[in-house]
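For reference, each letter of the sequence shown is one residue, going 2 to 114 in this note's numbering.
Virtual Cβ for every residue (Gly too), placed ideally from N, Cα, C.
Treat the numbers as computed from the prediction; the structure is a model and nothing was measured.
See structure below.
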Amino acid sequence: QGEAVLLRGLLPVHGLDVMLERRGRRPLAEGPGRLARAMGVTDALYGHDLRYPPLVVLPGWRVASEDVGVSGRVGIKIAADWPHRFYVRGFPGVSGPRRMRPAADGATVNPTP
(Lines of atoms letter the chains of each structure in order from A and count residues from 1; the text may use other names and numbers.)
(Lines give C-alpha, C1' and ligand atoms only; values in the text may rest on other atoms or scores of the structure.)
Protein backbone atom coordinates (compact mmCIF):
# COMPACT_ATOMS: atom_id res chain seq x y z
CA GLN A 1 0.00 0.00 0.00
CA GLY A 2 1.49 3.28 -1.11
CA GLU A 3 1.78 5.96 1.53
CA ALA A 4 3.98 8.56 -0.09
CA VAL A 5 4.24 10.95 -3.00
CA LEU A 6 7.57 11.85 -4.55
CA LEU A 7 7.67 15.49 -5.53
CA ARG A 8 9.92 15.77 -8.57
CA GLY A 9 9.94 19.52 -9.07
CA LEU A 10 8.45 22.85 -8.16
CA LEU A 11 8.40 26.42 -9.34
CA PRO A 12 9.84 28.57 -6.53
CA VAL A 13 7.66 31.53 -5.60
CA HIS A 14 9.08 32.63 -2.24
CA GLY A 15 12.48 32.23 -0.63
CA LEU A 16 14.50 32.22 -3.84
CA ASP A 17 17.54 33.68 -2.08
CA VAL A 18 17.50 30.94 0.56
CA MET A 19 16.99 28.23 -2.05
CA LEU A 20 19.87 29.54 -4.15
CA GLU A 21 22.10 29.62 -1.08
CA ARG A 22 21.24 25.98 -0.27
CA ARG A 23 21.66 24.77 -3.86
CA GLY A 24 24.59 26.99 -4.81
CA ARG A 25 23.46 27.12 -8.44
CA ARG A 26 20.53 26.85 -10.78
CA PRO A 27 18.32 25.03 -11.64
CA LEU A 28 16.90 25.26 -8.13
CA ALA A 29 14.20 22.62 -7.88
CA GLU A 30 13.97 20.53 -11.04
CA GLY A 31 14.17 16.93 -9.90
CA PRO A 32 13.71 15.39 -6.45
CA GLY A 33 17.31 15.83 -5.27
CA ARG A 34 17.54 19.49 -6.25
CA LEU A 35 14.09 20.15 -4.81
CA ALA A 36 14.99 18.55 -1.46
CA ARG A 37 18.24 20.49 -1.18
CA ALA A 38 16.61 23.79 -2.15
CA MET A 39 13.82 23.24 0.38
CA GLY A 40 16.19 22.13 3.15
CA VAL A 41 14.68 18.65 3.36
CA THR A 42 17.03 16.21 5.10
CA ASP A 43 16.81 12.74 6.65
CA ALA A 44 15.70 14.45 9.87
CA LEU A 45 12.24 14.76 8.25
CA TYR A 46 11.96 11.04 7.48
CA GLY A 47 8.45 9.94 8.43
CA HIS A 48 7.34 13.52 9.07
CA ASP A 49 3.58 14.18 8.74
CA LEU A 50 3.26 16.91 6.10
CA ARG A 51 0.18 18.35 7.79
CA TYR A 52 2.39 19.86 10.50
CA PRO A 53 5.41 22.20 10.73
CA PRO A 54 8.26 22.47 10.09
CA LEU A 55 7.37 21.24 6.59
CA VAL A 56 3.76 21.56 5.48
CA VAL A 57 2.22 20.84 2.08
CA LEU A 58 -0.61 23.25 1.36
CA PRO A 59 -3.21 23.20 -1.40
CA GLY A 60 -2.10 24.88 -4.60
CA TRP A 61 -4.02 26.08 -7.60
CA ARG A 62 -6.61 24.02 -9.47
CA VAL A 63 -5.37 22.35 -12.64
CA ALA A 64 -7.73 21.47 -15.48
CA SER A 65 -7.75 17.77 -16.40
CA GLU A 66 -6.50 18.50 -19.91
CA ASP A 67 -3.43 20.21 -18.44
CA VAL A 68 -2.38 17.15 -16.43
CA GLY A 69 0.25 15.00 -18.13
CA VAL A 70 0.73 11.35 -17.23
CA SER A 71 3.83 9.26 -17.90
CA GLY A 72 5.77 6.29 -16.69
CA ARG A 73 7.83 6.53 -13.54
CA VAL A 74 11.35 7.97 -13.72
CA GLY A 75 14.61 6.48 -12.47
CA ILE A 76 13.44 2.93 -11.79
CA LYS A 77 13.56 -0.35 -13.68
CA ILE A 78 10.65 -2.33 -12.21
CA ALA A 79 7.22 -1.17 -13.42
CA ALA A 80 8.78 1.92 -15.01
CA ASP A 81 5.96 2.02 -17.56
CA TRP A 82 3.20 2.27 -14.93
CA PRO A 83 1.37 5.59 -15.35
CA HIS A 84 2.09 6.84 -11.84
CA ARG A 85 3.77 10.13 -12.72
CA PHE A 86 1.57 13.19 -13.00
CA TYR A 87 2.61 16.72 -13.85
CA VAL A 88 1.32 20.01 -15.21
CA ARG A 89 1.99 20.13 -18.94
CA GLY A 90 4.46 22.82 -19.95
CA PHE A 91 5.39 23.53 -16.34
CA PRO A 92 9.04 24.65 -16.17
CA GLY A 93 9.78 22.69 -12.98
CA VAL A 94 9.13 19.27 -14.54
CA SER A 95 12.21 17.08 -15.03
CA GLY A 96 12.87 13.74 -16.65
CA PRO A 97 11.44 12.08 -19.74
CA ARG A 98 7.91 12.83 -20.85
CA ARG A 99 6.65 9.89 -22.85
CA MET A 100 3.19 9.06 -24.09
CA ARG A 101 1.64 6.66 -21.59
CA PRO A 102 -1.82 5.33 -20.92
CA ALA A 103 -3.57 7.06 -18.03
CA ALA A 104 -4.88 5.04 -15.09
CA ASP A 105 -8.35 4.97 -16.69
CA GLY A 106 -6.91 3.51 -19.93
CA ALA A 107 -6.98 6.77 -21.89
CA THR A 108 -3.84 7.81 -23.72
CA VAL A 109 -2.30 11.07 -22.61
CA ASN A 110 0.07 13.02 -24.82
CA PRO A 111 2.45 14.98 -22.59
CA THR A 112 4.09 18.07 -23.99
CA PRO A 113 7.56 17.42 -25.45
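Can you tell me the Cα-Cα spacing of residue i and residue j, whole angstroms?
i            : j                : result
aspartate 68 : valine 75        : 20 Å
valine 89    : valine 6         : 15 Å
histidine 49 : alanine 80       : 27 Å
arginine 26  : tryptophan 62    : 28 Å
aspartate 82 : leucine 12       : 26 Å
valine 57    : phenylalanine 92 : 22 Å
tyrosine 53  : proline 60       : 14 Å
valine 14    : lysine 78        : 33 Å
Below 6 Å CB to CB, which residues in the same chain sit around residue i once its five sequence neighbours on both sides are set aside?
i          : result
alanine 39 : Met20, Arg23, Arg24, Leu29, Ala30
alanine 45 : none
Of the residues the options, which one's Cα is nearest the Cα of residue i?
i           : options                    : result
glycine 16  : Tyr53, Tyr47, Pro33, Gly41 : Gly41
alanine 65  : Phe87, Asp18, Pro93        : Phe87
proline 55  : Thr43, Lys78, Trp62        : Thr43
tyrosine 47 : Leu59, Pro93, Glu4         : Glu4
Going by the CB atoms, is the gap between residue j and residue i shorter than 8 Å?
i          : j          : result
leucine 36 : glycine 73 : no
leucine 8  : proline 33 : yes
proline 84 : valine 95  : no
To which residues does DSSP link residue i through a beta bridge?
i           : result
arginine 86 : Ser72
glycine 32  : Answer by DSSP bridge pairing: none, since glycine 32 is not bridged.
glycine 10  : Glu31
Give me, in chain order, the residues of the same chain whose beta-carbon lies closer than 8 Å to that of residue i; leave out the 5 immediate sequence neighbours on both sides.
i            : result
aspartate 18 : none
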